[in-house]
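Counting along the sequence shown from 1, when you hit position 264 you're at 270 in this note's numbering, and nothing is skipped either side.
Every residue, glycine too, gets a C-beta built ideally from N, C-alpha and C.
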Amino acid sequence: MKDVTQFNNKKFISPNFNKQNTTEIKFLLNEPKENMNLSFKTEKTSITLIKKLSCTWRDVFEIKLDQSKEFIPGDSIGLIVPNNLQLVDDFFKYCNFKNQPIFIKKNRRFVYEGNLFNFFYKYFDFKAMPKKAFLYFLSKETNNFDLEFLSSKEGEKEYFNILENKMNLLEIFKKYKIKPSLEILIEYGEIIKPRYFSLINKECDNFTIIAGLMKDGHFSNFIVSLHEKYENISFDFLVKENRLLRLKSKEKVLCISAGTGITPFLSFANVNKHIWLIYGCRNKEDDLSILGKFAKKDVAFSSLQKRIFDILEEKIDEVKYYLTNYEVYICASLQLQKKITDFLKKNISENLNEFKIYFDDWS
């Protein structure tokens with residue numbers, strides 16, 4: 007029988023995690039040229055233009071970058087943007103860290119050379135919910151039973167409360183009154199993951215994306231914090247092949263989407279002049295289809311009580327013809343994808359596998 011720990015009226019069974027040892031940290035005498043080698047290859051880019059679009063349901067921006075690269079319509083760009091400078095400064099002061107030259111190697115993850123502040127500013131993920139093993143070893147390092155409870159099965163409700171409240175690491179450390187060591191932060195912390203956006207530019211032009219901002223999202227906070235002062239801020243990027251939704255034909259195709267799910271089809275329209283677009287959005291101000299040139303399009307404005315399914319029903323024979331003879335691409339939320347799939351099964355064919363139909367979610 008496992009021992010039960012009791013602390014502040016909390017009873018729990020202490021978890022049993024194996025300690026990791028995957029990190030090498032060396033403080034250097036002289037600061038080297040900054041370099042981050044990730045487990046995937048990246049290049050540097052910076053923003054040349056941020057333009058707010060006239061959407062009413064969400065803050066949506068057109069963002070242009072200073073780099074270009076070969077890609078196939080439907081492919082995406084992953085951006086690794088930095089943290090808020092004030093957050094990192096507050097974090098350093100709270101933890102009593104000093105900015106100094108450093109070498110960090112984390113097996114199969116990354117190798118970083120540069121100064122410590124820039125590592126936390128450019129690459130460390132303050133918003134990633136700490137895994138329970140992270141909390142457990144923090145509890146042992148700081149002798150904090152509240153954190154140990156949080157890492158236990160009995161502490162799951164409190165753990166998910168932190169997740170729901172979207173607390174960053176600094177807020178968690180302050181809440182539980184702990185100051186972690188650098189070693190445990192690097193060993194168990196996460197680095198910022200790329201945020202992916204469908205490319206909408208022509209292949210010969212610089213990268214352009216459409217970004218719909220999310221409340222308290224990492225990339226969204228970065229864009230809001232710039233205040234139109236985005237020169238001289240460079241960050242890492244990579245171009246990623248989209249195996250789910252990649253334009254395979256220059257013949258007629260049917261594309262179905264809603265909201266910002268239209269973004270891959272904007273790049274489709276740069277190379278295919280035979281696209282029929284069925285698109286849904288709230289109202290005329292939210293219509294992102296005006297950014298592309300489509301051979302034919304039907305737009306459903308929900309403010310006028312019209313839905314994508316109204317168009318599909320009105321033009322069911324033509325939809326069936328496209329489904330039978332051409333390729334069909336659907337880019338929408340998983341919920342909307344399922345509704346469209348159910349509609350097609352009910353009204354056209356139970357076996358959609360016989361058709362060339364492709365799905366993705368950029369909503």
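Nearest C-alpha to K302 among K290, E319, V325 and D292: V325. Under DSSP, Y285 forms a beta bridge with S263 and V305.
The beta carbon of L44 sits closer than 7 Å to those of F116, all from its chain and outside the five residues before and after it, given in chain order.
Taking the CA atoms as reference points, N22 sits about 19 Å from L191. Contact annotation, Y165 with L156: C-beta distance approximately 5 Å; criterion of less than 8 Å satisfied.
If you check the CB distance, F361 and L329 come in under 7 Å. Note: L85 is bridge-paired with R201 and F243 in the DSSP secondary-structure output.
DSSP places T28 outside both helix and strand once states are collapsed to three, so it counts as coil. For L250, same chain residues with a beta-carbon under 6 Å away, outside a window of 5 residues either side, are D366 in chain order. Residue range H224 to L232 is occupied by the alpha helix (DSSP H) that includes I229.
A check of alpha carbon separations from L144 across P186, G84, G265 and S255 identifies P186 as the nearest. Separation of K208 and V230 (C-alpha to C-alpha, rounded to the nearest whole angstrom) is 26 Å.
In this structure, G84 places its C-beta atom within 7 Å of the C-beta atom of Y202. Inter-segment contact for the region 262–273 and the region 213–221 is present: three or more beta-carbon pairs are separated by less than 8 Å. In the three-state scheme derived from DSSP, where H, G and I count as helix and E and B as strand, N124 is classed as helix. Taking all protein chains shown into account, P38 has fewer than 16 neighbouring C-beta atoms within 10 Å of its C-beta and is therefore exposed. Contact annotation, T48 with D72: C-beta distance approximately 15 Å; criterion of less than 8 Å not satisfied. Of the candidates F213, D292, N102 and K299, the residue whose Cα lies closest to the Cα of F307 is D292. Judged by beta-carbon spacing, D304 lies within the 7 Å limit of I284, meaning their Cβ atoms are closer than that value.
Apart from sequence neighbours up to five positions away, no residue of its chain approaches T347 with a beta-carbon distance below 6 Å. For the pair F140 and Y194, the CB atoms are nearer than the 7 Å cut-off. V277 and N212 have their alpha carbons spaced roughly 16 Å apart. It is roughly 7 Å from the alpha-carbon of H224 to the alpha-carbon of K133. Proximity to N149 across C287, F13 and K128 peaks at F13, based on C-alpha coordinates. Of the candidates L340, C210, E160 and N89, the residue whose Cα lies closest to the Cα of T11 is E160. DSSP lists K32 and E119 as the bridge partner or partners of F109. The three-state reading of DSSP puts K221 in coil, since its state is none of H, G, I, E or B. Of the residues assessed, L340 falls on the exposed side of the cut-off, its CB having fewer than 16 other CB atoms within 10 angstroms. DSSP lists no beta-bridge partner residue for E356. Ranked by Cα distance from P136, the options F228, L232, P270 and N167 are led by N167. Around the beta carbon of E154, 16 or more other beta carbons sit within 10 angstroms, so the residue counts as buried. Measuring C-alpha to C-alpha distances from K25 to each of E147, N357, K180 and E177 identifies E147 as the nearest.
N41 carries a strand assignment under DSSP once its states are collapsed to helix, strand and coil. The alpha helix (DSSP H) runs lying completely inside the region 305–341 and spanning 4 residues or more are 314–320 and 322–331, given in chain order. Contact annotation: L188 and S273 have beta-carbon atoms that are not nearer than 7 Å. Here the alpha carbon of F77 sits roughly 35 Å from the alpha carbon of E356.
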